Amino acid sequence: LKILVLHGPNLNFLGKREPGIYGLKTLEDINSLLQSLASELGVELSIEQSNHEGALVDLIQSTFGVFDGLLINPAAYTHTSVAIRDAIAAVAIPTVEVHLSNIHQREAFRHHSYIAPVAIGQISGFGAESYCLGLQALVTHLRAT
Ligand code: DQA
Numbered sequence: 006l007k008i009l010v011l012h013g014p015n016l017n018f019l020g021k022r023e024p025g026i027y028g029l030k031t032l033e034d035i036n037s038l039l040q041s042l043a044s045e046l047g048v049e050l051s052i053e054q055s056n057h058e059g060a061l062v063d064l065i066q067s068t069f070g071v072f073d074g075l076l077i078n079p080a081a082y083t084h085t086s087v088a089i090r091d092a093i094a095a096v097a098i099p100t101v102e103v104h105l106s107n108i109h110q111r112e113a114f115r116h117h118s119y120i121a122p123v124a125i126g127q128i129s130g131f132g133a134e135s136y137c138l139g140l141q142a143l144v145t146h147l148r149a150t
């Protein structure tokens, strides 16, 4: 199985960015956790980060016919982006949405996700572990279908 992991805007600042909310792990730390989990699970990961909405749309479109699943933290675009939601719907790729923080416990503007309706499910609030739980859930889903 081939899975694309997408990190949205400002996640390249993890480790330095509001560590009380997002933790001390850097994006590289999270990516290496994911790579070792992927090799345990026997799946292939490709990992990208972008601060640009259109670049994320391009990356999602590029999964068509190439990747089996998408693990995405859309970051702030979760709450704003019809374009990212439409790209996921267009390529119809099985998708799991993850967040480091519990978005439902935070400001009201973070409670709504444009992505959730086109995802299999959402994991939110477990820090870096959200990504690991999300990858496991995605692989279990893909193997069952
Ligand atoms: C986030 C939550 C979003 O509300 C926020 O804009 C982020 C990160 C998270 O992982 O907790 O940038 O997606």
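One gets the UniProt record's numbering by counting positions in the sequence shown from 1 and adding 5 to each. Backbone N, C-alpha and C define an ideal beta-carbon position, used for all residues, glycine too. Treat the numbers as computed from the prediction; the structure is a model and nothing was measured.
Near residue i, what residues of its chain come up, given a Cβ to Cβ distance below 8 Å and the 5 sequence neighbours on each side ignored?
i: Ala142; result: Val101, Ile125, Gly126, Ile128
i: Pro99; result: Asp73, Gly74, Leu75, Ile125, Leu143, His146, Leu147, Thr150
i: Thr68; result: Leu9, Leu75, Val96, Ile98
i: Asn36; result: Val10, Ile52
How close, in whole Å, do the beta carbons of residue i and residue j come, if the pair is a contact with beta carbons under 8 Å?
i: Ala92; j: Val62; result: 5 Å
i: Val96; j: Ile65; result: 6 Å
i: Ile108; j: Glu58; result: Not a contact, Cβ separation roughly 18 Å.
So, are the CB atoms of residue i and residue j less than 8 Å apart?
i: Ser118; j: Thr85; result: no
i: Val10; j: Leu76; result: yes
i: Val103; j: Gly132; result: no
i: Cys137; j: Leu16; result: no
i: Leu50; j: Gln40; result: yes
i: Ala94; j: Val123; result: yes
i: Pro14; j: Asn56; result: yes
Using a Cβ-Cβ cutoff of less than 7 Å, which residues in the same chain neighbour residue i once the five nearest sequence positions on both sides are dropped?
i: Thr31; result: Leu19, Gly20
i: Arg22; result: Asn15
i: Ser135; result: Val103, His104, Leu105, Ile128, Ser129
Thinking just about the alpha-carbon of each residue, which of the options is nearest to the one in residue i?
i: Pro79; options: Glu45, Arg115, Val96; result: Arg115
i: Ile52; options: Gln110, Glu33, Glu45; result: Glu33
i: Ala60; options: His12, Arg111, Glu112; result: His12
Is the shortest distance between the beta-carbon of residue i and the beta-carbons of chain D less than 8 Å?
i: Tyr119; result: The displayed structure is made up of one protein chain only, and chain D is not part of it.
Between residue i and the rest of its own chain, which residues show a CB-CB distance below 6 Å, the 5 nearest in sequence each way excluded?
i: residue 154; result: There is simply no residue 154 to check, as the chain begins at 6 and stops at 150 in what is shown.
i: Leu46; result: Val144
i: Ile26; result: Ser106
i: Ile120; result: Pro79, Thr83, Arg90, Glu102
- Write down every uninterrupted run of the alpha helix (DSSP H) in the region 60-113 whose length is 4 residues or greater and which is fully enclosed by it, in chain order. 87-96
- Query: At what residue ranges does the region 28-64 contain a whole run of the beta strand (DSSP E), taking only runs of 3 or more?
  - Reply: 49-54
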